[in-house]
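One structure is given here, and the rest of the page talks about it.
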Amino acid sequence: MPRKELDKIYNPKDFEGRIYQNWEEKGYFTPQIDENKTPYTIVIPPPNITGQLHMGHAVDNTLQDILIRWRRMQGYCTLWLPGTDHASIATEAKIVEAMRKEGVTKEDIGRDGFLERAWDWKKQYGGRIVTQLKKLGSSCDWTRERFTLDEGCSKAVLEVFNRLYEKGLIYRGNRMVNWCPCCKTSISDAEVEYTEQQGNFWHLLYPVKETGEMLELATTRPETMLGDTAVAINAEDPRYAHLHGCHVILPLLNKEIPIVCDEHADMTKGTGVVKITPAHDPNDYEVGLRHNLPIVRVFTYDGHMTGAEEKAAADELFATGKAAANEPEVLDCGKYAGMTTMEARKAIVADLEAGGFLKEIEPLTHEVGTCYRCHTTIEPMVSKQWFVSMKELAQPAIEAVRGGDIRFIPERFSKNYFHWMENIRDWCISRQLWWGHRIPAFYCDDCNETVVTREANPVCPKCGKPMRQDPDTLDTWFSSALWPFSTLGWPDETKDLDYFYPTSTLVTGYDIITFWVSRMIFSGLEYMGKKPFSDIFIHGLVRDSQGRKMSKSLGNGIDPLQVIDEYGADALRFMLANGTSPGNDMRYGDDKVKAARNFANKLWNASRFILMNLSDEIEKPELPDELLMEDMWLLSKYNSVVKTVNDNLENYELGVASQNVYDFIWDVFCDWYIEISKARLNAGGQTALNAQKVLVYVMSGILRLLHPFMPFITEEIWQAIPNDCETIMLASFPAYDEKLNFAGEEAEFQRIMDAIKAVRNIRTEKNVPPSRKAHVYIETSYGETFKKGVAFFERLCSASGVTVEETVSIENAAVGVTDSAKIFLPLGELIDREKELARLHKEQESCQKDIDIISRKLGNADFVAKAPEKVVANEKAKLSRAQDRMQKILESIAAMQ
RNA sequence: GUGGGUGUAGCUCAGCUGGUUAGAGUACCUGCUUGACAUGCAGGGGGUCGAUGGUUCAAGUCCAUUCAUCCACACCA
1 MPRKELDKIY NPKDFEGRIY QNWEEKGYFT PQIDENKTPY TIVIPPPNIT GQLHMGHAVD
61 NTLQDILIRW RRMQGYCTLW LPGTDHASIA TEAKIVEAMR KEGVTKEDIG RDGFLERAWD
121 WKKQYGGRIV TQLKKLGSSC DWTRERFTLD EGCSKAVLEV FNRLYEKGLI YRGNRMVNWC
181 PCCKTSISDA EVEYTEQQGN FWHLLYPVKE TGEMLELATT RPETMLGDTA VAINAEDPRY
241 AHLHGCHVIL PLLNKEIPIV CDEHADMTKG TGVVKITPAH DPNDYEVGLR HNLPIVRVFT
301 YDGHMTGAEE KAAADELFAT GKAAANEPEV LDCGKYAGMT TMEARKAIVA DLEAGGFLKE
361 IEPLTHEVGT CYRCHTTIEP MVSKQWFVSM KELAQPAIEA VRGGDIRFIP ERFSKNYFHW
421 MENIRDWCIS RQLWWGHRIP AFYCDDCNET VVTREANPVC PKCGKPMRQD PDTLDTWFSS
481 ALWPFSTLGW PDETKDLDYF YPTSTLVTGY DIITFWVSRM IFSGLEYMGK KPFSDIFIHG
541 LVRDSQGRKM SKSLGNGIDP LQVIDEYGAD ALRFMLANGT SPGNDMRYGD DKVKAARNFA
601 NKLWNASRFI LMNLSDEIEK PELPDELLME DMWLLSKYNS VVKTVNDNLE NYELGVASQN
661 VYDFIWDVFC DWYIEISKAR LNAGGQTALN AQKVLVYVMS GILRLLHPFM PFITEEIWQA
721 IPNDCETIML ASFPAYDEKL NFAGEEAEFQ RIMDAIKAVR NIRTEKNVPP SRKAHVYIET
781 SYGETFKKGV AFFERLCSAS GVTVEETVSI ENAAVGVTDS AKIFLPLGEL IDREKELARL
841 HKEQESCQKD IDIISRKLGN ADFVAKAPEK VVANEKAKLS RAQDRMQKIL ESIAAMQ
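Just so you know, we're using the numbering used here here: the first sequence kicks off at 1 and counts up by one.
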């Protein structure tokens with residue numbers, strides 16, 4: 001098979017695109033279902049079709065790809081199922097914005113026209129993020145790509161809605177919801193973000209009808225006062241005991257409203273008096289229910305004060321008996337009608353002041369709920385919406401995590417999860433949007449009948465008339481919650497579903513646990529009867545180099561595509577995986593990518609070196625029959641790194657695993673083995689051939705170890721060196737092999753390394769340039785070991801020759817001491833007897849310190865008695881080595897005097 | 001208010017269930033154009049592991065207290 005040549009310069013742009021295309025064309029990403037294999041499945045957290053690849057996607061998908069590639073190479077039948085999310089609210093907002101620029105509104109073009117535009121938009125931009133994911137190297141099975149609004153997913157949504165409704169777990173009713181006046185839709189509790197804002201406490205005075213006194217109370221939202229239907233005090237409050245059963249006259253409206261006693265009024269806060277606006281405050285709503293207070297709405301759904309028109313519409317409902325439970329009345333706000341809530345606030349405060357009802361204004365900062373999409377302040381509103389009853393669904397979902405059937409990595413995130421699930425409130429799932437799954441509920445305008453059905457055009461079961469479908473759509477997360485099984489074919493019983501479900505690992509950021517993870521868990525358990533995944537691997541955020549969140553408003557976002565363009569996808573991926581720990585945030589730094597690129601370059605050049613010295617006889621990676629000490633040292637080291645890497649990947653310690661590979665490649669393989677192999681390669685013959693075989697064998701292993709992290713460069717090199725598989729993607733991932741365990745040779749070679757380092761030390765200290773060679777005399781009882789390493793000294797520390805003896809006596813030489821040898825470096829005029837002695841004394845001192853520390857430990861009876869044998873034995877071995885060294889130091893000193 | 005994270009070399013961060021004299025990258029200093037690589041090689045300086053106390057033969061690692069910083073959830077009339 002003709003091998004590829006490697007360019008002199010590592011230039012990822014030359015091959016990353018080509019390699020990806022080839023992988024995809026060959027179908028390597030698509031698993032062949034095999035009952036004899038174990039499946040390993042990841043479903044992608046579907047990116048929004050509105051999205052562009054950002055660093056958050058880059059980490060998320062890099063981590064998934066590492067896991068998938070590793071498992072695929074291990075022989076699992078792996079499926080990484082990709083897809084995108086329709087992102088109802090975000091997409092609709094973008095399209096509305098684009099239309100606004102053309103001067104068109106939703107109402108102008110109607111529902112069908114709007115949806116047509118939306119699908120066009122999806123067609124145009126929906127594929128963008130997919131292309132970008134490919135640049136990253138994501139080995140997704142694109143033949144199974146899904147979309148949350150495609151036919152299959154829609155079928156799943158329809159099925160789930162019907163089942164829950166039939167079970168009584170979905171209901172419709174007037175409830176307090178979070179209303180976004182900008183998006184003009186309700187949103188769920190999870191979608192509210194709290195931000196700190198400057199505001200005021202307006203201290204108002206309400207006159208008491210019975211006593212004529214003024215009751216002081218404070219509010220942050222004076223414009224809601226028109227909707228007040230009571231004032232609450234605490235029953236225990238002595239200040240107001242005389243007011244039980246009394247009334248206040250609501251200023252401006254001159255309306256009599258009761259004073260009620262309720263636990264919500266906190267005696268310790270402010271004056272202990274609270275105004276109650278059931279239609280526009282969640283707490284007040286509860287108070288209202290407890291005391292059966294009227295609910296009076298004063299805001300329109302687009303952020304204005306209500307007027308005669310709105311009032312008439314509401315009155316009509318009551319008049320025709322169509323008002324549901326808790327249907328709010330509507331106030332005609334008169335002179336305030338039509339104002340925005342902010343305008344009304346100003347006008348109302350002015351009028352209150354004029355009437356003597358305003359006592360004071362106290363500035364304060366407080367947390368205000370905002371919409372997580374558009375950051376508009378949320379207006380709590382009583383509104384008729386669809387809800388999922390959560391308590392019953394949450395219970396098994398809590399159990400699954402508590403019992404360990406599903407686990408969070410790191411484990412601490414389960415606490416967030418429990419907290420959320422245990423305090424969960426019903427989920428508001430209807431959205432006043434058009435882009436999304438339309439709610440399969442139908443109403444009969446004639447007889448007020450409601451039907452939830454799988455049919456598209458039902459007729460009223462009561463009067464046989466055609467029905468009107470609910471205009472609302474479902475929360476985006478409703479379909480995301482079904483993602484792990486809707487994408488595999490559910491509700492149909494498909495082979496994929498049977499084989500790949502439950503999925504193995506979910507990889508996602510901690511910011512999305514409540515939105516998505518928790519909902520997938522209860523959904524999987526409820527509809528599939530099986531958990532959606534076993535492991536939840538949580539990662540942190542990528543921040544900028546100063547530790548700030550990357551955001552559009554700050555303009556500090558780093559575009560992953562630009563990074564890929566400059567340094568290559570491998571460098572970006574490695575940077576994102578290396579030096580991170582699960583669940584923790586990380587900082588992006590250009591220097592980090594550069595370091596990763598340099599590492600790729602190192603590997604590139606090591607491969608070029610091997611190729612330059614490769615004979616045609618070597619057809620595939622295979623060890624020679626005869627191994628030398630240094631070969632065994634390398635293989636033994638390699639074998640242990642294989643084990644650590646696998647262990648760390650198993651534990652989701654991807655950062656540590658990548659570091660393991662990095663260290664081995666750079667330090668062990670390149671800096672030591674390749675250097676020492678040069679002598680043999682130059683010598684030619686059998687020994688050179690054997691060295692080549694070891695180089696190729698270990699290189700082949702290294703590439704496979706690194707492939708999950710750096711898929712492109714490893715494939716490019718794989719195609720250039722002798723290999724045993726048409727693609728590295730499908731080659732076997734290295735596994736620990738007892739036969740490669742050479743502890744003895746590892747220790748032997750370590751002695752030589754120590755000696756070489758000692759020589760290098762002396763030479764640097766004396767500023768001897770490499771061009772000035774010196775003979776190295778080694779006094780050691782490990783003669784055999786050192787004789788095998790003679791050539792290494794010449795290559796690695798500028799030795800002109802090496803003499804190995806049991807005893808050496810050289811005048812005028814620098815002396816270095818290791819555990820196993822004394823090294824003499826006769827450097828003629830550079831040697832100053834006094835300085836040499838001083839250096840030896842310094843070594844003696846530090847060696848003595850070691851001995852003292854260890855002796856103290858071993859002299860401690862408790863230590864010897866209580867510490868594990870292994871630890872004690874280790875200390876003893878250390879002591880004996882230090883003592884050997886000390887003896888050699890003392891001998892050397894004596895010899896000099 | 002409740003829960004959680006982080007605090008280790010100038011900077012960015014590793015350090016798993018406690019067990020060598022605490023590591024890496026980067027920055028810094030010194031010296032190297034020996035044909036894989038200057039995106040490199042060799043050598044070096046630099047940390048009382050936020051503070052205090054405790055458990056233990058042994059603490060960066062476990063416990064308590066405390067300081068700093070960040071986050072989540074809740075509340076704020």
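Here a beta-carbon is modelled for each residue, glycine too, at the ideal position from N, C-alpha and C.
These numbers come from a predicted model, not from an experiment.
Exposure of residue i, with buried meaning 16 or more beta-carbon neighbours within 10 Å
i      : result
Asn660 : buried
Ser671 : According to the sequence displayed, residue 671 carries Asp and not Ser. Asp671 comes out exposed.
Leu730 : exposed
Phe792 : buried
Thr785 : buried
Asp898 : There is no way to answer for residue 898, as the model of the chain reaches only from 1 to 897.
Trp119 : exposed
His437 : buried
Tyr194 : exposed
Ile910 : Shown here, the chain extends from 1 to 897; a query on residue 910 therefore has no answer.
Gln686 : exposed
Reference residue i, options the options, closest by Cα
i      : options                           : result
Arg751 : His775, Thr271, Ser771 and Gly783 : Gly783
Ile406 : Ser534, Ala441 and Gly356         : Ser534
Ala218 : Phe742, Asn448, Lys269 and Thr211 : Lys269
Ile44  : Leu79, Tyr336 and Pro12           : Leu79
Thr50  : Ile521, Ile19, Lys122 and Gly555  : Lys122
Met896 : Val864, Arg839, Ala861 and Phe863 : Arg839
Ala877 : Ile889, Ile893, Asp850 and Pro46  : Asp850
Leu63  : Glu746, Leu541, Lys739 and Val696 : Leu541
Phe824 : Arg833, Gly547 and Ala814         : Ala814
Ser658 : Arg704, Ser615 and Gln686         : Arg704
Asp237 : Asp228, Ile249 and Asp266         : Asp266
Lys531 : Glu362, Lys135, Ala400 and Val790 : Ala400
Lys255 : Ile778, Thr229, Glu223 and Ala799 : Thr229
Ala894 : Ser551, Gln844 and Glu145         : Gln844
Spatial neighbours of residue i in its chain, beta-carbon cut-off 6 Å, leaving aside the 5 residues before and after
i      : result
Ser700 : Pro621
Thr148 : Asp85, His86 and Ser479
Pro624 : Asn690 and Lys693
Glu210 : Cys246
Val804 : Ile778, Gly783, Phe786 and Lys787
Chain-order list of residues whose beta-carbon lies under 8 Å from that of residue i (same chain, five-residue window excluded)
i      : result
Trp604 : Leu6, Tyr10, Ile713 and Ile717
Tyr285 : Met176, Pro278, Ala279, Ile295, Pro380 and Val382
Ala743 : Ser636
Ala600 : Tyr10, Pro12, Gly568, Asp570, Ala571, Phe574, Met710 and Ile713
Contacting residues, own chain, Cβ-Cβ under 7 Å from residue i (five flanking each side not counted)
i      : result
Phe29  : Trp23, Ser139, Cys140, Asp141 and Trp142
Cys333 : Leu226, Val298, Met305, Thr306 and Gly307
Ile409 : Asp535, Ile536, Phe537, Ile538, Pro582 and Tyr652
Pro2   : In this predicted model, Pro2 has a pLDDT of only 43, less than 50, meaning its place in the structure is not dependable; the value taken from the coordinates is given anyway. Cβ within range, chain order: n/a, list empty.
Asp585 : Gly540, Leu541 and Arg543
Cys180 : Ile187, Cys371, Cys374, Thr376 and Ile378
Ser615 : Leu689 and Gln692
Rounded Cβ spacing between residue i and residue j (contact assumed at less than 8 Å)
i      : j      : result
Gly303 : Thr341 : 6 Å
Asn178 : Leu133 : That belief does not hold up - the Cβ atoms of Asn178 and Leu133 are roughly 33 Å apart, past 8 Å.
Ile276 : Val231 : 6 Å
Leu352 : Leu358 : 5 Å
Thr780 : Ser809 : About 14 Å; that fails the 8 Å criterion.
Item checked: Continuous alpha helix (DSSP H) assignments of at least 4 residues falling wholly in the stretch 576-629 -> 590-612
Next item on the list: Just list the alpha helix (DSSP H) runs in the stretch 728-804, keeping only unbroken ones of 4 residues or longer that don't cross its boundaries, in chain order.
Entry: 743-765, 783-788 and 790-796
Checklist line | Entirely enclosed alpha helix (DSSP H) segments - the stretch 107-177, minimum 4 residues | finding: 128-136 and 151-166
Note to self: What ranges does the beta strand (DSSP E) occupy inside the stretch 199-275, keeping only unbroken runs of at least 3 residues that lie completely in it?
What the structure shows: 214-219, 230-233, 247-250 and 255-261
Item checked: Any alpha helix (DSSP H) of 4 or more consecutive residues that is wholly inside the stretch 674-704 -> 675-683
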